[in-house]
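Okay, so here's the structure we're looking at.
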Amino acid sequence: MVAVTRGSREFETTASRFGASLALVVAAVAAFVLVASTGELLRGLVGVGGAVLVGRSAKTLDTRSNEQRAVGSLGVVVGSALLVGAVAVTDVASVLVAVAAFAVMAVALDATTGLDEDTGQNLFRTLIHSSVAVGILTVVTASIALGLPAALVAWVAEVGETVVRSSDFAAFVSVQIGVLLVSLLLARALPRLDRWTPDAWLPEQRELLGHLATEPWEVPRWVLGLLGVQVVVALGDGGGHLFATLLDLTAVFGDVFRFLLHSGVVHVPLAVVLAVLGGIVLADYLRGVLVVWAGDDPPETLAHASGGVAVGVALGVLTAVPMVATLVTAPFHPESSAAALTQVFGLGTTLLGSLVAALVAVLAVVGTALSVTNSRYIPPEAGGFAIGSGLLFVAALVGTVSSVPPFVTFVAVGAALLVWDLGENAVGLGRQLGVDAETRRGEVVHTTGSALAVGVGIVVAVVAMYGLGPLSVPSGGRALLALVLALVALLAFVAAIDRTEGHERQE
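Residue numbers (numbering that gives the first Met the number 0): 0 to 506.
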C-alpha cells in the first residue's frame, strides 16, 4: 500500500485528488439542487457551503502547525454554524436540508482527509474544546444579561447592612468573623502570591503576613467556642440590649465605638480585603482548571479551541451593537423560541448558545458516522463516500414529501449512485497509485461511462413517470409509493448497468 508523509506523521492514502473532488462536486451540486427546488435557495447554499467548509477544514487540523490548526478550528466552527443554522428553521424542508447537508459533509471529509479515527480525533478535539470555550462565554454573557453579578453584590451589601444596623453587638460580632475569615484566606492566598510574585515582599513584610495567616486547624477551640456563643447571643434580643447598655456606661468611648461599628470605617476595608483574598484563591483554582483542560500540550489545545473563542467573541461584540442586533432580530417571529430567549437572555447569549448546540450536533453526527464506518456493512476505505451516497439517496426520498419535482428526485438518486461510484474508484486508485498520482485521464473516462449509465437510468425513470404514468394516475399515498418504487427501480437499473460495465472492463 502506498503511503505518504504529512508533516512528520505517516498515514495511509485514501482517495485520488481528482476523483475525490469530482465526487464532492457531484454531491454538493445535487444537494443544493434538491434543497433549492423547494424554494429554499439561500438555505441550500448556506447548508451545503457549511458542510464543505467543515470537510475542507478537517484537513487543516491534521498538521503539526498550531497556526494551521487554529485556521482549521475557525473553519470547522464557522462551517458548523452555517450548516446547523440552515437546518434550524422548523419546517418541512428542515429534514431535507439536514440530510442533504450532512451527506455533503461526509463526502467532503472522505474526499479531503479520509473519514478515519485520526480525522475523528482531530474533529472531536476541535469541536469539544471550541464548545467549552463558547459555553463559558455563554454563561458569562447570560450572567451579565440577567444582572447576576450586580445582584450578588447588592445582596451581599444588603445582608451586611442589615447585620450592622440590627444591633451594636451584631455589628461587633460581624467584625470578629470578618477578621477570622481574613486570617484564614490569607493562609490560602500567601502561597499563591509567593508563586506568582516571589519578589513582591520584603522579608520583614512576608514574616509579618505569615504570622497573621492562620490555617483552620490552628484556630484555638476556645476562640471558636467564644465566637459561637456570641453568634447565638446576637441572634437573641437580650444580648444586644446588654451590650448597648455597656456602651452607654462608657460615655465617650461607647460613642466612638458605635461610630466605628456603624459608619463602615471597619466593615468596608474588611470587605475589600476579603474580596481581594477570595479573588486570589478563586483565580488560582480557575488556573488549575485551565491547566487540566489544556492537558499536556496547551498550545495545541488552545489552537483547537481558537475557532470557538474567535467566533464567540465576535458574536458577543457584534451583537452588542444596537444596529447589528436590530438587523439580526428583525426576521424573528414574535412568538418564536429565538425571540423569547433573546428577550430574556439577550441576543448575544442566544446566538452563543445556538453555536454550542451546533457544535454538539456536528460532533454527534461525526461520531455516528465513524461508528457506522466501523460496521461490517460499510467499506472502511470509502466510508465517507458510502455514507454520503446513502444520505443523498435518503434526501431524495425525503424530497418526495417536500414538494421536490420528480425529475429532480431522479437526478438526485442518480447523483447518489455517481458519488459512490466515483468515490470508490478514487479510493481504489489512491491505494494503488497514491493520492498525488496523475489519474485524471482515466478518471474522466470512468466518470463519463458512469454518468452515461446514470443518465440512461434517469431517462428511463422519467419516461416511465411522465410517459406511462398518465395512463393510470394514482393519488395520495399511491402516488408517493409509485415514486419511491420508481426510485428503487432506477437504483437497481443503474447498479446493474454499472456492474455489467465493470465485468466487461475486467474481461
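All C-beta atoms, glycine included, are put in the ideal place defined by N, C-alpha and C.
Buried/exposed call for residue i, threshold 16 Cβ in 10 Å
i: Phe344; result: buried
i: Asn373; result: exposed
i: His303; result: buried
i: Pro405; result: buried
i: Leu126; result: buried
i: Leu281; result: exposed
i: Phe252; result: exposed
i: Ala14; result: buried
i: Thr438; result: buried
i: Thr118; result: buried
i: Leu470; result: Residue confidence is low: Leu470 scores 45 on pLDDT, short of 50, so the model does not pin down where it sits. No coordinate-derived value is stated.
i: Ala394; result: buried
i: Val267; result: exposed
i: His210; result: exposed
i: Ala313; result: exposed
i: Val365; result: buried
i: Gly46; result: buried
i: Ala29; result: buried
i: Glu116; result: exposed
i: Arg477; result: Per-residue confidence for Arg477 stands at a pLDDT of 46, beneath the threshold of 50, marking its modelled position as unreliable; the derived number appears in the next sentence. Classification of Arg477: exposed, given that the 10 Å Cβ count is below 16.
i: Ala329; result: exposed
Option nearest residue i by Cα separation, candidates the options
i: Ala368; options: Phe101, Leu21 and Val70; result: Phe101
i: Leu183; options: Thr137, Gly277 and Thr37; result: Gly277
i: Val461; options: Arg439, Ala415, Val407 and Gly383; result: Val407
i: Asp167; options: Thr244, Val106 and Phe123; result: Thr244
i: Gly227; options: Leu259, Val70, Ile176 and Ser402; result: Ile176
i: Val265; options: Val288, Val174 and Ala156; result: Val174
i: Asn65; options: Asn121, Val364, Ala97 and Gly84; result: Asn121
i: Pro378; options: Gln342, Leu362, Ala356 and Trp419; result: Trp419
i: Leu73; options: Gly84, Leu358, Leu416 and Ala395; result: Leu358
i: Leu60; options: Val51, Val75, Gly159 and Val47; result: Val75
i: Ala363; options: Leu52, Ala30, Ser79 and Arg205; result: Ser79
i: Leu108; options: Val94, Gly71 and Gln229; result: Gly71
i: Glu39; options: Ala27, Ala85 and Val25; result: Ala85
i: Gly390; options: Ala411, Arg68 and Arg375; result: Residue 390 is actually Leu in this sequence, not Gly. The candidate whose alpha carbon is nearest that of Leu390 is Ala411.
i: Leu301; options: Val459, Val28 and Val131; result: Val131
i: Asp296; options: Ser142, Arg63 and Arg220; result: Arg63
i: Val455; options: Phe409, Gly398, Pro333 and Val178; result: Phe409
Beta-carbon proximity of residue i to residue j, cut-off 8 angstroms
i: Gly307; j: Ser129; result: yes
i: Glu380; j: Gly18; result: no
i: Gly43; j: Leu81; result: no
i: Gly315; j: Leu259; result: no
i: Thr140; j: Gly347; result: yes
i: Val34; j: Ala97; result: no
i: Ala170; j: His240; result: no
i: Gly413; j: Val103; result: no
i: Leu95; j: Ala105; result: no
i: Leu421; j: Thr446; result: yes
i: Val535; j: Val230; result: No answer is possible for residue 535: the residues shown for the chain start at 0 and end at 506.
i: Val77; j: Val310; result: yes
i: Glu299; j: Arg68; result: yes
i: Ala87; j: Thr37; result: no
i: Ile279; j: Arg205; result: no
i: Phe331; j: Ala337; result: yes
i: Val83; j: Ala319; result: no
Straight-line gap, residue i to residue j (C-alpha atoms, nearest Å)
i: Gly54; j: Thr111; result: 7 angstroms
i: Gly427; j: Ser20; result: 15 angstroms
i: Val152; j: Ala274; result: 11 angstroms
i: Trp200; j: Lys58; result: 51 angstroms
i: Val290; j: Asp193; result: 19 angstroms
i: Leu180; j: Gly159; result: 15 angstroms
i: Gly383; j: Leu416; result: 14 angstroms
i: Val255; j: Gly263; result: 13 angstroms
i: Val472; j: Val400; result: The pLDDT assigned to Val472 is 46, lower than 50, so where the model puts this residue is not dependable; a value taken from the coordinates is nonetheless given after this. If I take the Cα positions, the gap works out to 18 angstroms.
i: Met322; j: Val138; result: 24 angstroms
i: Ala156; j: Phe31; result: 59 angstroms
i: Val186; j: Leu208; result: A small correction: the amino acid at residue 186 is Ala; Val does not occupy that position in the sequence shown. If I take the Cα positions, the gap works out to 9 angstroms.
i: Leu147; j: Leu285; result: 19 angstroms
i: Ala425; j: Ala144; result: 52 angstroms
i: Arg257; j: Leu189; result: 33 angstroms
i: Leu317; j: Val327; result: 10 angstroms
i: Leu41; j: Val355; result: 23 angstroms
i: Ala250; j: Phe242; result: 13 angstroms
i: Val133; j: Leu451; result: 48 angstroms
i: Asp247; j: Val222; result: 27 angstroms
#### Entry: Complete beta strand (DSSP E) runs within the segment 107-133 (minimum length 3 residues, chain order)
none
### Query
Of all the alpha helix (DSSP H) runs that stay within the bounds of the segment 14-91, which reach a length of 4 or more residues?
16-35, 40-60 and 65-86
### Task
Give, in chain order, every unbroken run of the alpha helix (DSSP H) that is at least 4 residues long and sits entirely within the segment 399-460.
405-432
### Query
Counting only runs that start and end within the segment 331-389, where is the alpha helix (DSSP H) found for 4 or more residues in a row?
336-344 and 346-372
### Query
Can you list the alpha helix (DSSP H) stretches of 4 or more residues lying completely in the segment 220-304, in chain order?
220-234, 237-248, 251-261 and 266-293
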